[in-house]
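Quick note on numbering: the sequence shown equals residues 37 to 323 in our numbering.
These notes concern the structure reproduced below.
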Amino acid sequence: MADAFPRTSRRLTRNLRGIPFGLLASLVGLTAAAWALTLYQTFSMDMPMGIAVRGGMEGMEGMAGMAMAGIAADGWSVAGAAAFLAVWTVMMAAMMLPAAAPMIFMFAAAQARREQGVAVPTWTFVAGYLLIWAAAGLVVYVLVQLGSDLATSLDPPQRSKWAPLALGATLGVAGLYQFTTFKHVCLSHCRSPLAFVAQHWRDGRVGALKMGLRHGLYCFGCCWALFAVLVATGVMSLAWMLLLTLVVFVEKLLPRGRRFEGSVGVALVALGIVVSLGAIDMPWMGG
């Protein structure tokens, strides 16, 4: 992999030709701002947002990954869902835009070659992409609340017994998913910006939105299991966010990302088994 980064850099450079500098700067600025907001949220919260025991933390010591204070502890509410969705969408922008950059640049370059407006369709494409991840955030909010209801219904010994098993199972499923055909198909689309643009091109702003939504769906199909691990270990865990951002980046952009995909699967399955057996505490890496 010694020359992997130079080759990736050359591909990105080719895709940048003809794209207005203002658009490039604004995309970089958006990613930087998303990371800044995410870091602020991470360090300003006492504990991450995730599954919480309503009314207290008794019996959950040492299991921070499955017992988080924050929005989940407040119960179901429209305001809570809106706040969760806002934080989640910003976090997804921070984590996913670096890996999605080649696709965004390829789309913008294709727009430029057609001598059409570049900025508005490209931002529409990005909006469609992020809309898929925002919709995923609504699902995550519901799952977190249901998990919190379940955790609250159990007594402390039961919570201490089932929390490692739940996280271990999540890690195992995420690892096994790395080897599925659906994962391979979705990753192939994400790793081939030129093929995606050629195959799914649509003119106009509505077309750009549809393309962004389609690419978002492929991206979600590729990465949902990895983010299930993030949710299980703590939605605002900085170390897990950085680790998964790197995993997604390597899988999608580097030439040997497909081999790395299998290595990640093996590591997640092994970690899931160890956690389920109680051999180690929760792999919590708080921010």
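Backbone N, C-alpha and C define an ideal beta-carbon position, used for all residues, glycine too.
Check the Cα spacing between A264 and each of T188, L207, W159: the tightest is with L207. Taking the Cβ atoms as the reference, A122 lies roughly 19 Å from F256, outside the contact range of under 8 Å. Secondary structure note for T269: its alpha helix (DSSP H) is the uninterrupted segment 240 to 269. Taken atom to atom, the span from the alpha-carbon of L279 to that of I309 is near 20 Å.
Under the 10 Å beta carbon count, S184 is surrounded by 16 or more other beta carbons and is classified as buried.
Here W71 is buried. Its C-beta has 16 or more other C-beta atoms within 10 Å.
The region 112 to 129 and the region 203 to 218 do not touch, with fewer than three beta-carbon pairs separated by less than 8 Å.
Counting the other Cβ atoms within 10 Å of the Cβ of A68 gives fewer than 16, which makes it exposed.
Cβ contact annotation for G314 (same chain, cutoff 6 Å, sequence separation greater than five): P200, in chain order. The beta carbon of V233 sits closer than 7 Å to the beta carbons of M142, F143, A146 from its chain, once the five residues preceding and following it are set aside; these are given in chain order. Here G153 is exposed: its Cβ has fewer than 16 other Cβ atoms, across all protein chains shown, within 10 Å. If you look at L207, you'll find it in the alpha helix (DSSP H) that goes 192 to 213. If you check the CB distance, K288 and A119 do not come in under 7 Å.
Straight-line measurement puts the Cα of R295 at about 21 Å from the Cα of W276.
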